[in-house]
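Residue numbers for the sequence shown follow the working numbering, so the first one is 18 and each next one is one higher.
Virtual Cβ for every residue (Gly too), placed ideally from N, Cα, C.
Step one of this worksheet: look at the structure below.
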Amino acid sequence: MIRKFRASLALQPIATAIFANSPFKEGKPNGFLSLRSHIWTDTDNNRSGMLPFVFDDTFGFEQYVDYALDVPMYFVYRNKTYIDCTGMSFRDFMAGKLPQVPGELPTLNDWENHLTTIFPEVRLKRYMEMRGADGGPWRRLCALPAFWVGLLYDDESLQSIIDMTSDWTKEEREMLRRKVPVTGLKTPFRDGYVRDLAEDVLQLAKNGLERRGYKEVGFLREVDEVVRTGVTPAEKLLN
Numbered sequence: 018m019i020r021k022f023r024a025s026l027a028l029q030p031i032a033t034a035i036f037a038n039s040p041f042k043e044g045k046p047n048g049f050l051s052l053r054s055h056i057w058t059d060t061d062n063n064r065s066g067m068l069p070f071v072f073d074d075t076f077g078f079e080q081y082v083d084y085a086l087d088v089p090m091y092f093v094y095r096n097k098t099y100i101d102c103t104g105m106s107f108r109d110f111m112a113g114k115l116p117q118v119p120g121e122l123p124t125l126n127d128w129e130n131h132l133t134t135i136f137p138e139v140r141l142k143r144y145m146e147m148r149g150a151d152g153g154p155w156r157r158l159c160a161l162p163a164f165w166v167g168l169l170y171d172d173e174s175l176q177s178i179i180d181m182t183s184d185w186t187k188e189e190r191e192m193l194r195r196k197v198p199v200t201g202l203k204t205p206f207r208d209g210y211v212r213d214l215a216e217d218v219l220q221l222a223k224n225g226l227e228r229r230g231y232k233e234v235g236f237l238r239e240v241d242e243v244v245r246t247g248v249t250p251a252e253k254l255l256n
């Protein structure tokens, strides 16, 4: 879990760049290649973002739970009614000290509801929800899970991603998150560009799918041209 979480968080901006597809607002160019991704950089940072603690040596399930407990609550659902608990603490709820439902202790369903109000770039449920990519046509939608499966479900590719990203700093990861929605694959990174990273990452995804042996590499054809040319779906729409 830890390696997959770290790899997927580090690579969310790469996925954002490859699949960038929201350059319009009300029918006009909005100045971004992925407006959707940009919006999340300024949407309640208490419950969104790149989760730097995931890269700490001590990270595990307990640290994610601690993070989730400290995310301010939105609501408690009782008798088909949403009770406003904005800004309240789930820790207080666990101690029976939530003012809106005094003396009540949370149920597992309350906890599951609370987890749905957390929106980091990778959200941990009973699976890992990747939140970096825009939507698109059917073939690109099929490319997205193939991309992540090739990277995360093949141990060799996964370890290659860990090795590639292990020395990226918190500041570099945050820089990519903020700049990629504007400049996509043309975003500078160290001595190259995000496109260079995308080429390496896409090849690792292909290698991982090949080793799985289920003939899934074809699903990545839709993004081959994007990475080869450095032209995102958003830029195609704009041109």
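P30 (DSSP reduced to helix, strand or coil): Stepping through the sequence shown from its first residue, residue 30 is reached at position 13. The answer is helix: DSSP assigns P30 an H, G or I state.
Residues that DSSP places opposite F136 in a beta bridge: Position 119 of the sequence shown, counted from the first residue, corresponds to residue 136. Beta-bridge pairing links F136 to S65.
Inter-residue spacing [alpha-carbon to alpha-carbon] between S174 and A215: Within the sequence shown, numbered from 1, the residue matching residue 174 stands at position 157. Within the sequence shown, numbered from 1, the residue matching residue 215 stands at position 198. In a straight line, the C-alpha of S174 is about 14 Å away from that of A215.
Selection from A37, L52, F36 that minimises the alpha carbon distance to E43: Position 26 of the sequence shown, counted from the first residue, corresponds to residue 43. That would be L52, whose Cα lies nearest to the Cα of E43.
T98 in three-state terms, based on DSSP: Position 81 of the sequence shown holds residue 98. The answer is strand: DSSP assigns T98 an E or B state.
Cutoff 8 Å; reference V199; Cβ partners in own chain excluding five residues on either side: The residue you call residue 199 lines up with position 182 of the sequence shown. Counting only Cβ-Cβ distances below 8 Å, and skipping sequence neighbours, we find G48, F49, L50, H55.
The alpha helix (DSSP H) enclosing M147, as first and last residue numbers: Taking the sequence shown and counting its residues from 1, one reaches residue 147 at position 130. Element bounds for M147: not the alpha helix (DSSP H) but the beta strand (DSSP E), 145-147.
Cβ neighbours of L219 in the same chain (closer than 8 Å, five flanking residues each side left out): One-based indexing of the sequence shown puts residue 219 at position 202. So the qualifying residues of the chain are I35, F164, L237, V240, D241, V244.
C-beta contact flag for P89 and V197 at 8 Å: Numbered from 1 along the sequence shown, position 72 holds the residue referred to as residue 89. Numbered from 1 along the sequence shown, position 180 holds the residue referred to as residue 197. Cβ distance not < 8 Å, so P89 and V197 don't count as in contact.
Rounded straight-line distance, which links the Cα of L68 to that of E189: Looking up residue 189 in the sequence shown gives position 172. Looking up residue 68 in the sequence shown gives position 51. Their Cα atoms are separated by approximately 13 Å.
Residue closest to S25, alpha-carbon to alpha-carbon, out of I135, Y231, D208, L168: Counting from one through the sequence shown, the residue named residue 25 turns up at place 8. The shortest C-alpha separation from S25 is found at L168.
Limits of the unbroken alpha helix (DSSP H) element including P198: Looking up residue 198 in the sequence shown gives position 181. Where P198 is concerned, the enclosing alpha helix (DSSP H) stretches over 187-200.
D61 to R207 span [Cα, whole Å]: Working through the sequence shown from its first residue, we reach residue 61 at position 44. Working through the sequence shown from its first residue, we reach residue 207 at position 190. D61 and R207: Cα-Cα distance of roughly 29 Å.
Residue from E129, M111, W128 with nearest C-alpha to E121: Residue 121 sits at position 104 when you count from the first residue of the sequence shown. It is M111.
6 Å Cβ shell around F107 - same chain, five flanking residues per side excluded: Residue 107 sits at position 90 when you count from the first residue of the sequence shown. Same-chain partners within the cutoff: L86, M90, H131.
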